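Residue numbers (my numbering): 396 to 628.
Right, dumping it as structure tokens:
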């Protein structure tokens, strides 16, 4: 495994962890939330620096269904992330309190909630569409999995996705994404651990969807490519 790939995987892991820890902001404290958000920004920048080759090749090559969806998803993630960061700076009471931005706190609060929850879903989908690559990388360094083990892993992923759908409904994530409510409900008597477990499951749901949608798009692209080559022959 190359040094660059190791760095990429480490940054992706830290970003996933930070994304989860940002969600229970009232349960971990505002100051901690702001520091994790600032760390997420640094990781986001590093992620794009390491993947600048992909950005540089956007206008090159064949536009497959997978590539179109992947690019569109990246653009949406960028918009939601910038929205989260800008609104977070406006709302800051600790890290950026010295800026003293006033008068738009109500608008910034709504913007922060919508961008944060859409960012959570979109980044999880993004993780899902790259899950196959991570699986292949892991397989190169592990013994060949048996068919039984493969089906056990798939069954576990399906069960996680099903529970993730329940957690998505239980935590009312859809309402926050669609602005049906203007504040996030937290049960202060609930341990943070159980909150994070539900959000991990919800993340697993989006990863599951992203993975299988990407596999379908790749197969569709391959079929179109074969048909095109046959016509040219």
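Note that CB positions come from ideal geometry on N, CA and C, so glycine has one too. These figures come from a predicted structure and were not determined experimentally.
Around the C-beta of residue 582, are 16 or more other C-beta atoms found within 10 angstroms, so that it is buried, or is it exposed?
Here residue 582 corresponds to residue number 187 of the chain shown, with the count starting at 1. Flag for residue 582 reads exposed.
Below 7 Å CB to CB, which residues in the same chain sit around residue 501 once its five sequence neighbours on both sides are set aside?
For the purposes of this step, residue 501 is identified with residue 106 of the chain shown, where counting begins at 1. Closer than 7 Å at the Cβ level, and outside the excluded window around residue 501, lies no residue.
If residue 559 and residue 498 are in contact, beta carbons under 8 Å, what's the gap, nearest whole angstrom?
Taking the chain shown and counting its residues from 1, the one referred to as residue 559 is at position 164. Taking the chain shown and counting its residues from 1, the one referred to as residue 498 is at position 103. That belief does not hold up - the Cβ atoms of residue 559 and residue 498 are roughly 39 Å apart, past 8 Å.
Determine, using beta carbons only, whether residue 511 and residue 418 come nearer to each other than 9 Å.
Your numbering for residue 511 matches position 116 in the chain shown. Your numbering for residue 418 matches position 23 in the chain shown. In contact: residue 511 and residue 418 (Cβ atoms closer than 9 Å).
Run the CB neighbour count on residue 513, radius 10 Å, all protein chains shown included, and call it buried at 16 or more, exposed below.
Your numbering for residue 513 matches position 118 in the chain shown. By the neighbour-count rule (16 or more Cβ atoms within 10 Å), residue 513 is buried.
Do the CB positions of residue 493 and residue 568 come within less than 9 Å of each other?
Position 98 of the chain shown, counting from 1, holds the residue named residue 493. Position 173 of the chain shown, counting from 1, holds the residue named residue 568. It is not a contact, given that the beta carbons lie outside the stated cut-off.
From 615, 550, 552 and 579, pick the residue whose C-alpha is nearest to that of residue 508; which is it?
On the chain shown, position 113 is the one that residue 508 refers to. Looking at the Cα atoms, 579 is the closest of the given residues.
What whole-angstrom Cβ distance do residue 594 and residue 415 have, given they're in contact under 8 Å?
For this step, residue 594 is matched to residue 199 along the chain shown. For this step, residue 415 is matched to residue 20 along the chain shown. With 8 Å as the limit, residue 594 and residue 415 qualify as a contact, their Cβ atoms being about 6 Å apart.
Closest to residue 399 by C-alpha separation, out of 525, 436, 495 and 447, would be which residue?
Taking the first residue of the chain shown as position 1, residue 399 is located at position 4. Among 525, 436, 495 and 447, the Cα nearest to that of residue 399 belongs to 447.
Would you report the Cα separation of residue 596 and residue 556, rounded to the nearest angstrom?
For the purposes of this step, residue 596 is identified with residue 201 of the chain shown, where counting begins at 1. For the purposes of this step, residue 556 is identified with residue 161 of the chain shown, where counting begins at 1. Whole-angstrom Cα-Cα distance: 7 Å.
Closest to residue 553 by CA distance: which of 525, 577 and 606 is it?
As a position in the chain shown, residue 553 is number 158, starting the count at 1. Nearest C-alpha to residue 553: 606.
Give the secondary structure of residue 456 by DSSP, where H, G and I count as helix, E and B as strand, and everything else as coil.
As a first step, residue 456 is located in the chain shown; it is residue number 61 there, counting from the start. If DSSP states are grouped into helix, strand and coil, residue 456 belongs with coil.
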